[in-house]
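Participant: One structure, as structure tokens, below. Some questions next.
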Amino acid sequence: EKEKQKPEYKIITKSKLVKENTKDIEKKDSIDKTKKSLNQQTNKTTNRKLNDFESMFLEVPKSYYTINLATIHTVKKAKEFTLKYAIEDSSFAFEFGYDNLAKVMYGVFETYEQAQNALKNLPLQLRKNSPYIEKIGKKQKLYKKYHQTSFEKTGENR
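UniProt numbering applies: residue 1 is where the sequence shown begins, and numbers increase by one.
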């Protein structure tokens, strides 16, 4: 014989709800203040926080390789380009030059062969742009030239 177990219900009064909500609000306010403070500190030193791929791109040894996908007129359009082709997690767009052009770099590869393989596997629309493989050190140097404070924060490349 299986006995039906009665579900246990917890009765919550209005006053308990209010107390819990007040605590949640206080925690949220505290977290928001901390985030705001961190964002202000980050903005003072770099104007923006680098994402994980950008940090990796800037920190790997300069002997590594990357794929130069495109040079676009603005960073905003470069970001739209990465979103359009769904490569935002493995690409890096940055401003350079006095005309504020933007480079779109794709991938970080330890060997030329790895980069070649990735280049062959790019979608046809991206390959039509005539992307090419470069030593990553060349782009790290270009980035450093126009983004000195951000680069110093991530550390000098090896």
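Ideal Cβ placement from N, Cα and C applies to all residues, glycine included.
Over what stretch of residues does the beta strand (DSSP E) that includes Y132 continue unbroken?
Facilitator: Taken as a continuous stretch (DSSP letters only), the beta strand (DSSP E) holding Y132 covers Y132 to K135.
Participant: Considering just the uninterrupted stretch of the beta strand (DSSP E) at S91, what are its terminal residues?
Facilitator: Residues S91 to F96.
Participant: L101: which of K135, Y143, P61 and F57 sits nearest, CA to CA?
Facilitator: Residue Y143 is the option with its Cα nearest to L101.
Participant: Ignore the nearest five residues each way along the sequence and tell me which others in P123's own chain have a CB closer than 8 Å to its CB.
Facilitator: Same-chain partners within the cutoff: Y85.
Participant: Measuring straight from C-alpha to C-alpha, what distance separates D52 and L69?
Facilitator: Roughly 19 Å separates the two Cα atoms.
Participant: Please state the DSSP three-state secondary structure of Y143.
Facilitator: Here Y143 sits in helix by DSSP.
Participant: If you run the structure through DSSP and keep just helix, strand and coil, what is K62?
Facilitator: Reduced to three states, the DSSP call for K62 is coil.
Participant: According to DSSP, T71 sits in a beta bridge with which residue or residues?
Facilitator: The partner list for T71 (beta bridge, DSSP) reads K103.
Participant: Look at the Cβ atom of T66, then the Cβ atom of V104, and state whether they are nearer than 8 Å.
Facilitator: No, the pair does not count as a contact, with Cβ atoms beyond the cut-off.
Participant: So F92 and E59 are supposed to be a Cβ contact under 8 Å. How far apart are they, rounded?
Facilitator: Not quite, the Cβ-Cβ distance comes to about 12 Å (not below 8 Å), so this is no contact.
Participant: I133 and K62 - do their beta-carbons sit closer together than 8 Å?
Facilitator: No, they are not a contact pair.
Participant: Verify whether the separation of the beta carbon atoms of Y106 and S130 is less than 8 Å.
Facilitator: The answer is no: Cβ separation not under 8 Å.
Participant: F109 bridges to which residues according to DSSP?
Facilitator: Beta-bridge pairing links F109 to Y65.
Participant: Under the three-state reduction of DSSP, which class applies to N117: helix, strand or coil?
Facilitator: Residue state, collapsed to three classes: helix.
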